[in-house]
Every structure is written in structure tokens, then in C-alpha cells.
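There are 2 protein chains.
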Amino acid sequence: MSAPVKAAEPKRQRLTQAGRRTRERIIETAAELMFHRGVAGTSIPDIQAAAEVSASQIYHYFGDKQGLVLAVIDHQTDAKLAQQRPLLDSLDSIEALREWCDRAADRQDAAGCEGGCEIGSLASELADSDESARTGLAGAFDRWEEPIRSGLARMQARGELKESADTAALATALLAAIQGGMLLSQVRRSTTAYRQAVSTVIDHIESHLVR
Amino acid sequence: MSAPVKAAEPKRQRLTQAGRRTRERIIETAAELMFHRGVAGTSIPDIQAAAEVSASQIYHYFGDKQGLVLAVIDHQTDAKLAQQRPLLDSLDSIEALREWCDRAADRQDAAGCEGGCEIGSLASELADSDESARTGLAGAFDRWEEPIRSGLARMQARGELKESADTAALATALLAAIQGGMLLSQVRRSTTAYRQAVSTVIDHIESHLVR
DNA sequence: CCAAAGTTGGAATTGACATTCCAATCACGC
DNA sequence: GCGTGATTGGAATGTCAATTCCAACTTTGG
Numbered sequence: 507m508s509a510p511v512k513a514a515e516p517k518r519q520r521l522t523q524a525g526r527r528t529r530e531r532i533i534e535t536a537a538e539l540m541f542h543r544g545v546a547g548t549s550i551p552d553i554q555a556a557a558e559v560s561a562s563q564i565y566h567y568f569g570d571k572q573g574l575v576l577a578v579i580d581h582q583t584d585a586k587l588a589q590q591r592p593l594l595d596s597l598d599s600i601e602a603l604r605e606w607c608d609r610a611a612d613r614q615d616a617a618g619c620e621g622g623c624e625i626g627s628l629a630s631e632l633a634d635s636d637e638s639a640r641t642g643l644a645g646a647f648d649r650w651e652e653p654i655r656s657g658l659a660r661m662q663a664r665g666e667l668k669e670s671a672d673t674a675a676l677a678t679a680l681l682a683a684i685q686g687g688m689l690l691s692q693v694r695r696s697t698t699a700y701r702q703a704v705s706t707v708i709d710h711i712e713s714h715l716v717r
Numbered sequence: 507m508s509a510p511v512k513a514a515e516p517k518r519q520r521l522t523q524a525g526r527r528t529r530e531r532i533i534e535t536a537a538e539l540m541f542h543r544g545v546a547g548t549s550i551p552d553i554q555a556a557a558e559v560s561a562s563q564i565y566h567y568f569g570d571k572q573g574l575v576l577a578v579i580d581h582q583t584d585a586k587l588a589q590q591r592p593l594l595d596s597l598d599s600i601e602a603l604r605e606w607c608d609r610a611a612d613r614q615d616a617a618g619c620e621g622g623c624e625i626g627s628l629a630s631e632l633a634d635s636d637e638s639a640r641t642g643l644a645g646a647f648d649r650w651e652e653p654i655r656s657g658l659a660r661m662q663a664r665g666e667l668k669e670s671a672d673t674a675a676l677a678t679a680l681l682a683a684i685q686g687g688m689l690l691s692q693v694r695r696s697t698t699a700y701r702q703a704v705s706t707v708i709d710h711i712e713s714h715l716v717r
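Below, the structure is given as C-alpha cells:
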């Protein structure tokens with residue numbers, strides 16, 4: 507029959523300087539709006555108005571709304587990793603882990619606990635309704651989890667963490683605590699739950715320290 | 507100015523037998539659809555068709571879509587607590603905690619990891635866009651967390667858990683692990699993350715056992 | 001049995017929204 | 001300098017959603 511399902515793919519086109527800038531502006535604006543109002547709550551006209559572009563521009567660069575959503579997923583993933591980057595690459599001590607998680611908590615407090623995790627919110631909304639989005643978000647979580655696992659693995663390699671510790675599982679548990687904690691904090695409008703959840707998992711990691 | 511914001515409130519009316527049944531059917535159908543497709547992805551006509559009711563019936567009983575959503579939140583909360591009820595009231599041993607969490611994991615596996623937590627999904631979608639929904643969901647999480655906390659407190663009272671253990675924080679951490687683990691499992695289509703997250707937190711609770 | 005209130009059907013209204021189209025500019029390699 | 005393809009504007013299209021309205025029918029309490 508037809509070729510294997512793939513997302514409406516805007517043909518690989520050469521982008522002009524202006525094109526690249528427009529494209530970026532659309533993605534950033536869409537990401538912002540979708541973060542605050544959800545994907546379904548963000549209409550193309552909304553994005554048009556906020557980014558000051560015409561409908562044709564959005565459809566020219568992304569094909570359709572789904573294409574834009576996929577671009578937003580990648581953008582938010584890159585943005586999150588970049589934002590946490592210096593710390594993210596040295597999560598190889600209990601102190602570094604705590605510091606890294608605290609930063610996020612402080613940011614969340616500063617935002618008045620409105621909005622949860624950029625990735626997590628997209629995941630919850632899209633996981634069951636858009637298979638390619640689900641795949642993209644699974645990749646996002648993998649990219650995010652990797653530096654955690656890697657940091658723990660370094661601790662273990664250095665002999666600071668017991669051999670019996672399952673670093674992969676601990677990394678997953680910490681990521682889950684972050685996600686669940688963020689959600690509870692968003693709903694309760696207080697970072698207490700996030701801090702407790704994350705702190706609990708890090709305490710547990712600490713209990714695997716040698717000595 | 508005006509009275510404090512309150513949701514469009516269908517006047518307290520006496521319900522006939524038929525009325526009560528229709529109302530219930532609408533709520534259950536809406537809950538089901540909204541769980542699978544999200545609130546925004548579920549239209550009133552969708553609900554009409556699935557529940558075999560007319561538009562007037564929905565608006566008669568709930569005022570508007572938001573009213574229906576609030577009813578769905580309460581319904582899902584009651585349903586979740588009822589479903590877990592026997593176990594939920596005796597979460598006062600490590601084994602009971604593990605058993606309780608395992609059940610949820612098995613259910614999730616049986617569902618092919620489609621759909622996350624009924625409460626968590628609603629929370630993520632509605633927390634920032636509907637203040638009364640947010641309040642209702644905060645209450646839902648509180649009602650859910652309470653039996654966990656209470657079970658841990660009993661363990662502590664019996665002297666099984668060290669005095670130094672913060673049972674409230676541990677309960678919150680477990681709930682967060684459940685939520686975050688569910689989200690990761692939904693996105694990854696595997697309960698591994700959920701099992702690891704939950705297991706990690708329970709291991710940590712276990713480390714607070716006396717002796 | 002009668003009236004008030006509860007229940008239901010279904011059409012009509014109004015407004016968005018995603019997407020398409022066409023035509024006009026504009027940038028750049030040759 | 002020219003032409004091809006990139007970029008943009010803005011109107012038009014078709015669909016579908018939320019909600020309202022009104023009229024008919026049913027139940028219930030007195």
C-alpha cells in the first residue's frame with residue numbers, strides 16, 4: 507500500500523536567514539504558549555498573533571499543527587538540557603544532585619508553582635493521542651535521564667557507591683520523583699512535595715554510599 | 507464588585523430516579539472518554555453519542571462543560587479510592603505497601619501502558635487552566651495520600667518505624683514516585699520505570715525500620 | 001386529578017479553528 | 001540582471017464545538 511507511516515514531513519528545504527529566524531520565532535512562541543495553556547489550548551491563530559506571523563508561515567515551515575508540536579518537543583528538550591547543562595554534566599556527588607534539584611525547586615517557587623515540567627506536561631497530554639509525539643518524548647526523557655545515570659555510574663566506578671547499587675534504576679527513580687514531585691507541587695501550589703520527593707530519593711542514593 | 511468567583515452552579519435540584527441514573531451515566535461516560543482522550547479532546551457531542559443522551563441532558567445536570575469536569579474529578583477520585591480500598595486501609599507494613607503498588611503496576615501492564623493515572627492526567631491538564639479543578643484535584647491527592655501517611659504513622663506508633671522518620675514526607679514521596687513512575691511508564695510503554703521508582707521509595711522506607 | 005417541577009429531544013446560533021489557496025515579494029546563485 | 005525557489009499576506013473554506021432555546025413529555029406531591 508503506502509509507505510510506512512511518518513509524520514507529515516515538510517520537504518527538506520533550504521532556509522534563508524529570514525526563514526530560519528521566523529521558524530525559530532514560531533517554535534519559541536508556540537513552546538511558550540503550549541507550556542502555559544497546553545497543546546490543545548493553544549490555537550494556530552494564537553500563535554500567529556503572539557509570534558506576529560501569518561498562517562502561511564506556520565504551515566510553510568511545519569506542515570501542520572502536529573509538525574509544529576514535534577518541533578516544540580525537540581525545542582523544549584534542547585532548552586531544558588541546555589538550561590541545566592553545567593550542572594547536568596557533573597551529577598557525580600550527593601551534593602551535586604541536591605544542588606541540581608534545588609535549583610529547579612527555586613525556579614518553580616519563583617514561578618509561583620504555575621506550570622509543571624515542560625517535558626512532563628507535554629508527555630501527559632500527548633502520550634496517548636499522538637504516537638510520534640510519544641516517541642519524541644520518550645527520547646526526551648532518555649536524553650534527560652542519561653546524565654543522571656552517567657553521574658551515578660561515575661560515583662560507582664570511583665568506588666563511592668556500592669557495587670550493589672543499581673545506578674540505572676536509581677536514575678529512573680530520581681527522574682520519576684522529579685516528575686511526580688513537580689506535578690504535586692503544581693497542583694498544590696507549593697514546592698514542598700517536590701522537595702520531599704526528590705530529597706527522599708537522594709537520601710536513598712546516599713544510603714548506598716560506601717562507608 | 508461581584509460575588510467571589512464560583513463555578514457555574516446548577517441549582518440544587520431534586521433528582522428523580524431517572525435523573526440520577528442519567529446523571530451517573532453521563533459522568534461515567536465522560537470520565538472514560540476524558541481519561542483516554544483528555545478533557546480538551548473530549549467534546550460534548552462525543553459524550554452525547556457515547557452515553558446516548560441529548561445535549562439538554564448534559565447541560566441540565568451540569569450547567570456547562572466545566573461543571574461536568576468537576577463532577578468527573580470527584581467521580582474519578584471516589585472510584586480510585588474505592589478500587590484500592592481494601593488495601594488502602596492497611597498500608598502499615600512494607601509488604602502491604604509493595605503489594606499495593608504492584609497491583610497498580612499489573613493493572614498498568616494489562617492496559618498496555620496506555621493511559622496514566624486517572625487523577626494525575628487530569629491534574630496535569632487542568633492545574634493551570636481551571637482554578638476550581640485545581641482545587642478539586644489537590645483535594646483528590648490529599649484524600650489519596652492520607653491513607654499512606656496514616657499507615658506509616660501506625661507503623662511508627664507501633665515502634666516499627668524509627669521516630670526520626672518523617673512519615674508525612676515519606677507518604678508524599680511515595681505518591682510522587684507513583685505519579686512520576688506512571689508518567690514515565692505511559693510514555694515508555696513499559697512499567698519498568700514505575701516499578702523502579704516505587705520500589706526505590708519503599709526500599710528507603712524500609713531503611714527506616716527499627717532493627 | 002392537577003399543577004409545579006423534573007426530564008428529554010432536537011434544532012438553531014454563534015464562534016473558533018485547522019487548513020488551503022493564490023498571488024505577491026524577496027533572496028540568491030548563475 | 002534574471003529566474004527559480006523561498007517567503008509572506010490575507011482571504012476563503014469547511015468542519016465542528018459549546019451553548020441556548022423551546023416545546024413536549026413525565027413524575028410527584030398534595
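If you read the sequences in order, they're chains A and B.
Going by my numbering, the first sequence opens with residue 507, and the numbers climb by one from there.
Going by my numbering, the second sequence opens with residue 507, and the numbers climb by one from there.
The beta carbon of each residue, even a glycine, is placed where N, CA and C say it ideally should be.
A quick note: this is a predicted structure, and the numbers were derived from the prediction, not measured.
Ignore the nearest five residues each way along the sequence and tell me which others in residue i's own chain have a CB closer than 6 Å to its CB.
| i | result |
| --- | --- |
| A/Ala674 | Arg655 |
| A/Thr548 | Leu539 and Met540 |
| B/Ala629 | Leu643 |
| B/Arg609 | none |
| A/Thr697 | Ala611, Gln614, Asp615 and Ser691 |
| B/Leu689 | Gly622 |
| B/Ser508 | Residue confidence is low: B/Ser508 scores 35 on pLDDT, short of 50, so the model does not pin down where it sits. Its coordinate-derived value is still stated next. So no residue of the chain qualifies. |
| B/Leu632 | Ala639 |
Counting only C-beta atoms, is residue i closer than 7 Å to chain B at any point?
| i | result |
| --- | --- |
| A/Ala703 | yes |
| A/Glu620 | yes |
| A/His581 | no |
| A/Thr535 | no |
| A/His566 | no |
| A/Thr641 | no |
| A/His706 | The sequence shown places Thr at residue 706 of chain A, not His. For A/Thr706, the answer is yes, since a Cβ of chain B falls inside 7 Å of its Cβ. |
| A/Ser562 | no |
| A/Ser713 | yes |
| A/Val716 | no |
Would you mind telling me which residues of chain B sit closer than 8 Å to residue i, beta carbon to beta carbon, in chain order?
| i | result |
| --- | --- |
| A/Arg694 | Ala644 and Phe647 |
Within the 7 Å Cβ cut-off, does residue i reach chain A?
| i | result |
| --- | --- |
| B/Asp570 | no |
| B/Ala675 | yes |
| B/Ser670 | no |
| B/Ser656 | no |
| B/Ser638 | no |
| B/Ser627 | yes |
Who are the near neighbours of residue i in its chain, counting only those whose CB is closer than 8 Å to its CB and skipping five residues on each side?
| i | result |
| --- | --- |
| A/Ser627 | Phe541, Gly544 and Gly621 |
| A/Val693 | none |
| A/Val559 | Thr528, Arg531, Ile532 and Ile553 |
| B/Ala671 | Leu658, Gln662, Ile711 and His714 |
Please state whether the Cβ-Cβ distance between residue i and residue j is less than 7 Å.
| i | j | result |
| --- | --- | --- |
| A/Cys619 | A/Arg695 | yes |
| A/Lys725 | A/Val716 | Chain A is shown only over 507 to 717; residue 725 of chain A falls outside these bounds and no answer can be derived. |
| B/Ala611 | B/Arg701 | yes |
| B/Pro653 | B/Leu594 | yes |
| B/Ser691 | B/Ala699 | yes |
| A/His566 | A/Ala537 | no |
| B/Asp598 | B/Arg660 | yes |
| A/Gly686 | B/Ala682 | yes |
| A/Ala679 | A/Glu651 | no |
If you run the structure through DSSP and keep just helix, strand and coil, what is residue i?
| i | result |
| --- | --- |
| A/Leu667 | strand |
| B/Leu576 | helix |
| A/Leu715 | strand |
| B/Glu558 | coil |
| B/Ser630 | helix |
| A/Ala617 | coil |
| B/Asp636 | coil |
| B/Gly686 | helix |
| A/Arg520 | coil |
| A/Gly642 | helix |
| A/Gly585 | Here residue 585 of chain A turns out to be Ala, not Gly, going by the sequence shown. Correct three-state label for A/Ala585: helix. |
| B/Ile708 | helix |
| B/Arg695 | coil |
| A/Leu597 | coil |
| A/Ser656 | helix |
| B/Cys623 | coil |
| B/Gly525 | helix |
| A/Thr673 | helix |
Name the chain A residues whose beta carbon is nearer than 9 Å to that of residue i?
| i | result |
| --- | --- |
| B/Leu681 | Gly686, Leu690, Ala699 and Ala703 |
| B/Ser635 | His542, Arg543, Gly544 and Gly547 |
| B/Gly573 | Within chain A, no residue comes near B/Gly573; the closest Cβ sits about 19 Å away, beyond 9 Å. |
| B/Thr678 | Gly687, Leu690, Thr698, Ala699, Gln702, Ala703 and Thr706 |
Chain B partners of residue i, CB-CB under 9 Å?
| i | result |
| --- | --- |
| A/Ala546 | Gly544, Val545, Ala546, Gly547 and Glu631 |
Going along the chain, which residues of its own chain have a beta-carbon closer than 7 Å to the beta-carbon of residue i, five neighbours each way excluded?
| i | result |
| --- | --- |
| A/Ala646 | Ile579, Thr583 and Ile625 |
Chain B partners of residue i, CB-CB under 7 Å?
| i | result |
| --- | --- |
| A/Asp709 | His710 |
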